[in-house]
Every structure is written in structure tokens, then in C-alpha cells.
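Novice: Going down the list, the sequences are from chains A and B.
Using this note's numbering, you'd call the opening residue of the first sequence number 71 and step up by one each time.
Using this note's numbering, you'd call the opening residue of the second sequence number 41 and step up by one each time.
Ideal placement from N, C-alpha and C gives every residue a C-beta, glycine not left out.
Treat the numbers as computed from the prediction; the structure is a model and nothing was measured.
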Amino acid sequence: MSLGFSDEFDERFRRLILEARRTEERMARALKEFERSERCVVPLHELRPTTDGYTLTVDLPGVQKDEVGLTLEGTSLFMTAPCKSITEKRRRHAKELNYIIEISLPGDVDTKTIKATMRNGLLRLEMKKRIGGYKIRID
Amino acid sequence: MEKKRVQDGSLVLDGLPDTGLVGTIAALHLVRAKGMSPMVRIDSDLLPPVAIVKEMNLFEPLMIYSSDGVSVIASEIPIPTEITKPFARELVVWIKDHRCRAVISIGGIPEPARSEIEEPEVFYLTNSTEAFSATIDLGKTKQLDSAFLVGPKAAFLLECFREEIPTIGLFAQSFPNYPDPGAAASALTLLRRSDVFQVDLEELVKSGEEMRVRFRDLMRRTMGEMERAQKSREMESPSLLV
Numbered sequence: 071m072s073l074g075f076s077d078e079f080d081e082r083f084r085r086l087i088l089e090a091r092r093t094e095e096r097m098a099r100a101l102k103e104f105e106r107s108e109r110c111v112v113p114l115h116e117l118r119p120t121t122d123g124y125t126l127t128v129d130l131p132g133v134q135k136d137e138v139g140l141t142l143e144g145t146s147l148f149m150t151a152p153c154k155s156i157t158e159k160r161r162r163h164a165k166e167l168n169y170i171i172e173i174s175l176p177g178d179v180d181t182k183t184i185k186a187t188m189r190n191g192l193l194r195l196e197m198k199k200r201i202g203g204y205k206i207r208i209d
Numbered sequence: 041m042e043k044k045r046v047q048d049g050s051l052v053l054d055g056l057p058d059t060g061l062v063g064t065i066a067a068l069h070l071v072r073a074k075g076m077s078p079m080v081r082i083d084s085d086l087l088p089p090v091a092i093v094k095e096m097n098l099f100e101p102l103m104i105y106s107s108d109g110v111s112v113i114a115s116e117i118p119i120p121t122e123i124t125k126p127f128a129r130e131l132v133v134w135i136k137d138h139r140c141r142a143v144i145s146i147g148g149i150p151e152p153a154r155s156e157i158e159e160p161e162v163f164y165l166t167n168s169t170e171a172f173s174a175t176i177d178l179g180k181t182k183q184l185d186s187a188f189l190v191g192p193k194a195a196f197l198l199e200c201f202r203e204e205i206p207t208i209g210l211f212a213q214s215f216p217n218y219p220d221p222g223a224a225a226s227a228l229t230l231l232r233r234s235d236v237f238q239v240d241l242e243e244l245v246k247s248g249e250e251m252r253v254r255f256r257d258l259m260r261r262t263m264g265e266m267e268r269a270q271k272s273r274e275m276e277s278p279s280l281l282v
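1) Hey, which unbroken runs of the alpha helix (DSSP H) at 4 residues or more fall wholly within the segment 174-206 of chain A?
2) Please state whether DSSP places B:V253 in a helix, a strand or coil.
3) By how many angstroms is the C-alpha of B:P101 removed from the C-alpha of B:K94?
4) I need the straight-line Cα distance from B:F172 to B:I208, nearest angstrom please.
5) Determine the chain B residues that contact A:C153 at a beta-carbon separation under 9 Å, and present them in chain order.
6) Between A:K159 and the rest of its own chain, which residues show a CB-CB distance below 8 Å, the 5 nearest in sequence each way excluded?
7) Using a Cβ cut-off of 8 Å (strictly closer), state whether B:N167 contacts chain A.
8) What separation, rounded to the nearest whole angstrom, lies between the Cα atoms of B:A73 and B:D240?
9) Three or more C-beta pairs under 8 Å: does that hold for the segment 152-164 of chain B against the segment 209-217 of chain B?
10) Buried or exposed, going by whether 16 or more other CB atoms sit within 10 Å of the CB of B:I65?
11) Just the C-alpha distance for B:G55 and A:D180, rounded to the nearest angstrom, thanks.
12) Counting only beta-carbon atoms, is A:R106 nearer than 8 Å to chain B?
13) Per DSSP, what kind of secondary structure is B:H138 in: helix, strand or coil?
14) When Cβ atoms are compared, which residues of the segment 185-196 of chain A fall closer than 8 Å to chain B?
15) For the 8 Å Cβ check, are there 3 or more pairs between the segment 217-224 of chain B and the segment 47-62 of chain B?
16) Does DSSP classify B:M103 as helix, strand or coil?
17) Do B:R139 and B:G49 count as a contact pair if the criterion is CB distance below 8 Å?
18) Using C-beta distances below 6 Å, list every residue in its chain close to A:D178, excluding the 5 sequence neighbours before and after it, in chain order.
19) Short of 6 Å in beta carbon distance, which residues of its chain neighbour B:L98, apart from the five on each side in sequence? Order them along the chain.
20) Rank B:P120, B:G147 and B:G109 by C-alpha distance to the C-alpha of A:I87 and give the top, closest one.
21) Can you name the residues that DSSP bridges to B:I82?
22) So, does the CB of B:E249 fall closer than 8 Å to a CB anywhere in chain A?
Structure follows, in C-alpha cells:
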């Protein structure tokens, strides 16, 4: 069944998808170039909003909590840890690999309230938003 | 392109990349544990020009592995959103052509609190419980009652149900965006009633850390496709069919 969109619409839509794929490809290439030049592994991570702040998780398989280095400069969070979960065969080609990632935290994070936990190789940071503004009374 | 004719009447296991790469990890573990060989190379003008190099051989990124009456669909690349439906239709044509007896699709269901869960729960969706009574232990497994499914598995399951192929979807609670070997192990546990699926799951759990690192690039690429396919709908509830 055709939805009956015009050729012009189809063409624009096709171009949009192509552009999105190009952008994604540029980002993927930049990430792999960074990994190769820095001899590191950029871990998967996810930042989710919560009711009063944010939760950041970073997937660090094989890492123990005392191996993680976390530093904060302004709203830039820098994390490093040894990456030991690469097969021996691959390890020969890439000695001493580290996980490295720098994440820009949202501007409204109260950096003094950040709490970090580590469980099964998953680093979890709970962050609260800075309390600002004032309460509006409803009459 | 079929190197050798896959025997008719096989059981098909779908391991296409999706939430937490649960099906992909389960499929890979099964292929390795059973020493399955690639029997069918899947190619299309609509797929990106990718080849896998291994020991002086070139392979398509999408293959069907087969042995002992089981055929496993596995992929090194996510299925591009634009071709999801025609791809699912072609797979079902192949399944019907080979008179495959049933389809098992393993996937993940996004669980934001997954890190708090030690043993992920598995939910099922089927059009024929009888067809799987000898293969799958559904004793305490809950049905997937109401949910959105999005992506290649959704298209594939719809097509299988439409064509009345005995089909079951097994969905383990999974990290939405991280490879989840623990969820794959939970789904495979249900299949252990059948001899052909008797594989060492401890080995899968042991190699879980390595898999999480190795699959991170495929996970990133799959996440890109999932966003294009409106994957976040899986965290919503359908409102029409209630």
C-alpha cells in the first residue's frame, strides 16, 4: 500500500536519511580514530534524566571499583580504567589498553552531590540538579 | 546464496541484532558451542557493502549457520531500518521454501533497572505452545501480554505470525543499550529441554565480560538503527488494543 507522498517529499526524506547516516558515520570514524591513536577503548555510556537529576551509567566489563579513576573539571567528567577483558590474541596487538571517556555533564548538575557506585562492571553515577527558582503557589 | 542445501524441516533461531544484542549473543554462543558452519550467505543490493575477512576467506555479514536440524540466523551488522520489512519477508520465503518446522526468536526487552536484577526474567509470545512443548520449558515463564515491539524482530515475528509458521519470541529483561550476555543466558536456559540446545551456559557467563567489550561497536551501530526505528516505543504501552 502506498501512502501517496509526492516524489519531492520522498526525495527530501531520502536525503535526510542519507545525511543522518553520514553524520553517524563521521562520529563513528572519529571515535575509532580516537581509540586507535590513544590506544584505548571508549566504553558505552548512557545519561538518563531522573525526577530530580540524572543517572549516568558507563559499561566497564571486568573493572573493579578501586581501578576506576574519576575526575571532574567544571562539568567535564573524565574517567579512566584498565581494560582487561580483551582476548589474549587481540591483547598482543594492543598492549595495556585502557578505557577512557570524557563526558560533558548537563550544566544544571550539582557536582557536590554526585554519588558513584560500581556493580558487575557497571559504573553508575547519581547526580542531583542544583536547586534553583522558587515555588509557585496555586490559588 | 546457499553453499549447501540446508536440510528441510529445521528449527530456525533468529539472532538478529536488537535490544542488548541478546539474540545475537545467544546465537553466537550456540553457533560456537555446536560448531555450526555457515550454510547460507544472505546478500541484497539494499545491504551496505560489507565483507568479513577470516582466514583468507570473505564472508557476507549476514549468514545462516546450520547443523543438527537447527538453523541460526546471525548478523555482524544491524539491519538497516529502511529494509527491515522486505528483509523479514525474504527470510520467511526462505523458511517456507525449506519447510522449517518452527521459529524461535530470542530478544531483549528493555529494562531500565536491569543493573539491579541478578537473573533476568524471560517473557514469551507464541502462536503455538504445542509446537514448542518438546523444546522449551515454559513452566514458570510469563506471557508478554501487552507491549510494543520495534525493529527487525518485530517485522520478522509479524511476518511469521501472518504466514502461520509456528513461532515463539523469547524476550529477556535486558540493558537497553549495553550488550547483555546475562539476558542471553536466561533466554537460552529455557531451551535446555531439547538436546540440540544443550550448551554450556557457564561458559557464556564466564566470557560475558569479553563479549561486552567485543560487541560494543555492533551495539553502537544497532543503537543508531534502533533510534531511527522509534525503538523507545518499547518502553511505552499500547493504548488501542486494551
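Specialist: With the given structure in hand:
1) Within the segment 174-206 of chain A, there are no complete alpha helix (DSSP H) runs of at least 4 residues.
2) The residue given as residue 253 of chain B occupies position 213 in the second sequence. Under the three-state reduction of DSSP, B:V253 is assigned to helix.
3) What you label residue 94 of chain B is simply residue 54 of the second sequence in a count that begins at 1. What you label residue 101 of chain B is simply residue 61 of the second sequence in a count that begins at 1. Rounded to whole angstroms, the separation of the alpha carbons of B:P101 and B:K94 is 11 Å.
4) Position 132 of the second sequence, counted from the start, is the residue given in the question as residue 172 of chain B. Position 168 of the second sequence, counted from the start, is the residue given in the question as residue 208 of chain B. Annotation: B:F172 to B:I208 spans about 8 Å, alpha carbon to alpha carbon.
5) Numbered from 1 along the first sequence, position 83 holds the residue referred to as residue 153 of chain A. Those are V253, listed as they occur along chain B.
6) Numbered from 1 along the first sequence, position 89 holds the residue referred to as residue 159 of chain A. The predicted position of A:K159 is uncertain, since its pLDDT is 49 and thus under 50; a value taken from the coordinates is nonetheless stated next. So no residue of the chain qualifies.
7) Start at 1 with the first residue of the second sequence, and residue 167 of chain B comes out as number 127. With 8 Å as the cut-off, B:N167 does not count as an interface residue toward chain A.
8) Taking the first residue of the second sequence as 1, we reach residue 73 of chain B at position 33. Taking the first residue of the second sequence as 1, we reach residue 240 of chain B at position 200. Near 8 Å, if we compare the C-alpha coordinates of B:D240 and B:A73.
9) yes
10) Locating residue 65 of chain B in the second sequence gives position 25, counting from the first residue. So B:I65 ends up on the buried side.
11) As a first step, residue 55 of chain B must be located in the second sequence, where it is residue number 15. As a first step, residue 180 of chain A must be located in the first sequence, where it is residue number 110. When rounded, the distance between both Cα atoms is 42 Å.
12) Within the first sequence, numbered from 1, the residue matching residue 106 of chain A stands at position 36. No, because no Cβ of chain B sits closer than 8 Å to the Cβ of A:R106.
13) If you number the second sequence from 1, residue 138 of chain B lands on position 98. Here B:H138 sits in coil by DSSP.
14) R189, N190, G191, L192 and R194
15) Yes, the segment 217-224 of chain B is in contact with the segment 47-62 of chain B.
16) Stepping through the second sequence from its first residue, residue 103 of chain B is reached at position 63. Residue state, collapsed to three classes: strand.
17) Within the second sequence, residue 49 of chain B is the residue found at index 9, counting from 1. Within the second sequence, residue 139 of chain B is the residue found at index 99, counting from 1. Closer than 8 Å, so yes.
18) Residue numbering aside, residue 178 of chain A sits at position 108 when the first sequence is read from its first letter. Contacts found: K199 and R200.
19) Start at 1 with the first residue of the second sequence, and residue 98 of chain B comes out as number 58. Once the five neighbours on either side are set aside, the close Cβ partners of B:L98 are A91.
20) Sequence index remark: in the first sequence, residue 87 of chain A carries index 17 (1-based). Among B:P120, B:G147 and B:G109, the Cα nearest to that of A:I87 is on B:P120.
21) Position 42 of the second sequence, counted from the start, is the residue given in the question as residue 82 of chain B. The partner list for B:I82 (beta bridge, DSSP) reads B:L102.
22) Here the question's residue 249 of chain B lines up with position 209 in the second sequence. Yes, contact with chain A.
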